[in-house]
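Take a look at the structure set out below.
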Amino acid sequence: MTLASFLAYFVMSGMLAPIGIISGPMSELFNQSITDVTAQFSWLTVGNLTGAVLALFLFDWAPLKKLMVLVYALILLSLLSLNFAGDLTMIGVALGLVGICCGLGLVGAALVISRTYDAERRASMLVITDSCFSIAGFVCAGVATFLVARNFHWAGVYQFVAFVAAVILLLAVVSRFPATTVAEQNSAGRQRWPASVWCCLGALFLYTLGQYSMLWWLPNYAETSLGASREQAGKLVGLFWFGMFAAQLFVAWWVIRVGVRKLVMIAGVSTSLFSIPLWIYEDIAGLSVLAFFWGVANLSLLKIVLSFATQMLPLPSGRLVSSLLLGATVGTALSPWVTSQIVVATDNHFVLQFSTACYVTLTGLLFAATRLFRS
1498 MTLASFLAYF VMSGMLAPIG IISGPMSELF NQSITDVTAQ FSWLTVGNLT GAVLALFLFD
1558 WAPLKKLMVL VYALILLSLL SLNFAGDLTM IGVALGLVGI CCGLGLVGAA LVISRTYDAE
1618 RRASMLVITD SCFSIAGFVC AGVATFLVAR NFHWAGVYQF VAFVAAVILL LAVVSRFPAT
1678 TVAEQNSAGR QRWPASVWCC LGALFLYTLG QYSMLWWLPN YAETSLGASR EQAGKLVGLF
1738 WFGMFAAQLF VAWWVIRVGV RKLVMIAGVS TSLFSIPLWI YEDIAGLSVL AFFWGVANLS
1798 LLKIVLSFAT QMLPLPSGRL VSSLLLGATV GTALSPWVTS QIVVATDNHF VLQFSTACYV
1858 TLTGLLFAAT RLFRS
């Protein structure tokens, strides 16, 4: 059950991480501009947003086990269908269905961890889900780069993700899932959310918007402006995720030592500062090192903020967890369209600066949250 929850984050990351790498080959295959192809992935991200919204209600009445089995069966079938999709519309529909199911699956995974582990271990377990998200980004970006460099079909990397979805489906069928009591839901639903929770929700939105603004356009910037090969540019994404994974192995222990309140501020500042050299430094070899250290500097910020927000209520409800994840999902959902419009209006260098601006703003929101929240 816990392993299935971890792998749910692997699948979502595996869908997002290769976008900047496979968008070039897709552009050539379908004879469309790279901005049009990148915007097509809005089907995936808006679908993810839709799933997160549906999760606010579905998990109140549908059994968790049945939902997880259905969700990952649909993901598996949709990913397999990409091998036969002949135009962008068909691809968009398949990606949209995957997005909806991933949105539901992530909330289900977070609920499993919230119901299974107590407050002392919850933060560490949530960080481990981020580790799975990060290692998936590293692995899937590497797989995508390998396949694209050897002229394999652009959807090849998603067949690897389909295999992981099949594993989750099997685990969901054989595992026991925690039940949610009606009394607990009603009690939690009556709690009023303090302003600090809303600050955290806004920070989560800016985190994913800033992250994918950088990850989806850094490879294109390196290739078009710095003269990097497609393989070199693609490796930047993988190095970021590997850096995040390396840091999260440490953060899972460190968060218990220093506390969530201090760590959210450290992570916000470090993420902002380490994003700046990525749009200043112009050597591809050095940029690869900087991408790795930017990943390290993230310090599992998303799940640390999520854990921090759940401490602000005596009884963190499923709806609170769903809403916080929804904030992050909205940022992800808007990223393809927002960043495409920024690039059309400016260039692929300015959108990297926009990413840093998102991080600086979220750090301000986290500072406000730490001041407003008194444990």
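If you're matching positions, the sequence shown starts at 1498 in our numbering and goes up one per residue. Virtual Cβ for every residue (Gly too), placed ideally from N, Cα, C.
Among residues of its own chain, excluding the 5 on either side of Thr1532, which ones have a beta-carbon nearer than 8 angstroms to its beta-carbon? Ser1837, Val1840, Val1841
Ranges of the beta strand (DSSP E) found wholly within the stretch 1722–1784, counting only runs of at least 3: none
Rounded separation between Ile1597 and Leu1546 - CA only: Rounded to whole angstroms, Ile1597 to Leu1546 spans 7 angstroms at the Cα level.
So, does the stretch 1853–1862 touch the stretch 1717–1731, judging by three or more C-beta pairs under 8 angstroms? In the pairwise beta carbon analysis, the stretch 1853–1862 is classified as not touching the stretch 1717–1731: fewer than three pairs are separated by under 8 angstroms.
On a Cα-Cα basis, can you pick out the residue from Ala1806, Thr1867, Leu1869, Leu1831 that is closest to Thr1535? Looking at the Cα atoms, Leu1831 is the closest of the given residues.
Quick one: Cα of Ile1773 to Cα of Glu1779, how far? 12 angstroms
If you run the structure through DSSP and keep just helix, strand and coil, what is Gln1838? Gln1838 falls in the helix class under three-state DSSP.
Following the continuous alpha helix (DSSP H) through Gln1808, name the residue where it begins and the one where it ends. Run containing Gln1808: none; DSSP gives neither H nor E here.
Reduced DSSP category for Pro1675 - H, G, I as helix; E, B as strand; rest coil: coil
Ends of the alpha helix (DSSP H) at Leu1577? 1561–1578
Identify whether Tyr1614 lies in helix, strand or coil by the three-state DSSP scheme. coil
Measure from the alpha carbon of Phe1747 to the alpha carbon of each residue in Val1624, Leu1784, Val1508, then state which is nearest. Val1624
8 angstroms contact criterion, which Leu1703 and Gly1828 should meet: CB distance rounded: 7 angstroms
Using the Cα positions of Ala1865 and Cys1696, report the straight-line distance between them to the nearest angstrom. 7 angstroms
For Gly1583, name the three-state secondary structure that DSSP assigns. coil
Taking its Cβ as the centre, do 16 or more other Cβ atoms sit within 10 Å of Thr1826, making it buried, or is it exposed? buried
In whole angstroms, what is the alpha-carbon distance linking Val1566 and Leu1799? 26 angstroms
Report all residues from its chain with a CB closer than 8 angstroms to the CB of Val1818; omit the five preceding and five following residues, and keep chain order. Val1604, Ala1607, Leu1608, Ser1611, Leu1803, Thr1807
Counting along the chain, where does the alpha helix (DSSP H) carrying Met1498 start and finish? Annotation for Met1498: no alpha helix (DSSP H) segment contains it, and DSSP assigns it neither H nor E.
For Gly1756, the nearest candidate out of Leu1526, Trp1714, Arg1619, Gln1529 (CA to CA): Arg1619
Determine the closest residue to His1650 out of Val1734, Pro1522, Ile1801, with distance taken between C-alpha atoms. Pro1522
One question on the structure: do Gly1517 and Pro1716 come within less than 8 angstroms of each other, judged by their Cβ atoms? yes
For the alpha helix (DSSP H) that Arg1689 lies in, which residues bound it at each end? No alpha helix (DSSP H) holds Arg1689; DSSP gives it neither H nor E.
Please name the residue in Ser1693, Gly1511, Gln1529 whose C-alpha comes closest to that of Trp1738. Gly1511
Beta-carbon proximity list for Trp1540, same chain, < 6 angstroms, skipping 5 on both sides: Gly1589, Leu1592, Gly1593
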